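>
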Amino acid sequence: MNRLIVLMIFIGIPSGVIAAAEDICRDTQDAVRVLCLLGGKGASGLSADVIARYQLIFSSIDQDGDGYATRDEYVKQGRYLNEQSRAGIFRASDRDGDQVLSAKEYVENRIITDEAKEIFWGLQMDDNNTVDHSELAKALAHVDGVNVDAIFRQFDINEDDQWQMIEFLQVWGNLARQDSDWVDFNKAKNESSIFSSQETMDSPPSSSNR
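Following this note's numbering, the numbering of the sequence shown begins with 5 at its first residue and continues without gaps.
#1: For a test of the three-state rule: what should DSSP assign to Lys121, helix, strand or coil?
#2: Could you tell me whether the Cβ atoms of Ile155 and Val175 are closer together than 8 Å?
#3: Count the other CB atoms, across all protein chains shown, that sit within 10 Å of the CB of Asn113; report buried if there are 16 or more and exposed otherwise.
#4: Start and end of the beta strand (DSSP E) containing Leu105?
#5: Alpha carbons only, please: which of Arg37, Leu42 and Leu105 is nearest the one belonging to Ile65?
#6: Short check: CB of Leu179 to CB of Ala73, under 8 Å?
#7: Cβ of Gln174 within 7 Å of any heavy atom in the ligand NAD?
#8: Using CA coordinates, which residue listed in Leu173, Ala143, Val135 and Asp70 is at the minimum distance from Gly92?
#9: Among Leu41, Asp185, Glu139 and Gly49, which has the Cα closest to the Cα of Asp118?
#10: CB Ala107 to CB Ala192, shorter than 8 Å?
#11: Considering Ala73, what are the terminal residues of the beta strand (DSSP E) in which it resides?
#12: Which class does Phe189 belong to by DSSP, given the choice of helix, strand or coil?
#13: Which first and last residues belong to the alpha helix (DSSP H) in which Ala143 is found?
#14: Is it buried or exposed for Gly101, if we count other Cβ within 10 angstroms and need 16 for buried?
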């Protein structure tokens with residue numbers, strides 16, 4: 005069995021969706037190749053149903069139906085998480101800095117963040133909410149020519165020898181947004197996604213990016 009496919013199985017990606025894993029990683033741009041090696045697939049790994057559900061959630065946030073969510077609608081009037089968390093999500097999603105979220109910005113951020121969270125939880129093995137160097141090394145043990153140290157340093161922003169969720173999301177998001185294809189939700193498949201739509205949408209508010 006191909007060693008990259010062994011990696012994908014090891015970190016929990018079902019075998020039914022990894023048949024083209026090697027080709028996908030070979031064809032990705034440099035910016036997102038590390039995301040692919042860690043098991044990411046971007047929008048192409050999601051079903052059209054998941055994207056539709058993201059859009060439905062955005063419609064519930066866009067209270068006046070103008071196609072945009074203002075900072076007040078999202079941060080002040082939001083129902084999930086606390087105001088500080090919603091403010092952070094708003095900043096991450098508002099890529100053009102115009103202080104309103106378009107449906108496209110919201111959906112792209114959900115694509116990036118929901119997948120990154122799944123990857124993070126799949127990498128950490130001792131349930132301490134962090135990923136250390138040994139956990140990453142174990143996950144990448146079957147992949148030839150991978151510089152584990154370089155990947156670990158890339159995500160360890162505060163250099164404390166462990167990955168926290170917040171820094172992992174920041175680096176993952178910055179890399180993912182360098183490749184427009186990675187977040188192009190028109191590439192979503194009309195079939196079951198890596199993460200089921202029910203699982204994605206029914207996650208607890210404390211871990212949701214809504």
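Just so it is clear, CB atoms sit at the ideal spot from N, CA and C, and this is done for glycine as well.
Here the structure is a predicted model, which means the values were calculated and not measured.
In brief:
#1: helix
#2: no
#3: buried
#4: Leu105 -> beta strand (DSSP E) spans Val104 to Ser106.
#5: Leu105
#6: no
#7: For the structure depicted, the ligand NAD is absent and the ligand set is empty, with no information on it obtainable.
#8: Leu173
#9: Gly49
#10: Cβ distance not < 8 Å, so Ala107 and Ala192 don't count as in contact.
#11: Its beta strand (DSSP E) spans residues Tyr72 to Thr74.
#12: Helix at Phe189.
#13: Segment His137 to Ala143, the alpha helix (DSSP H) holding Ala143.
#14: exposed
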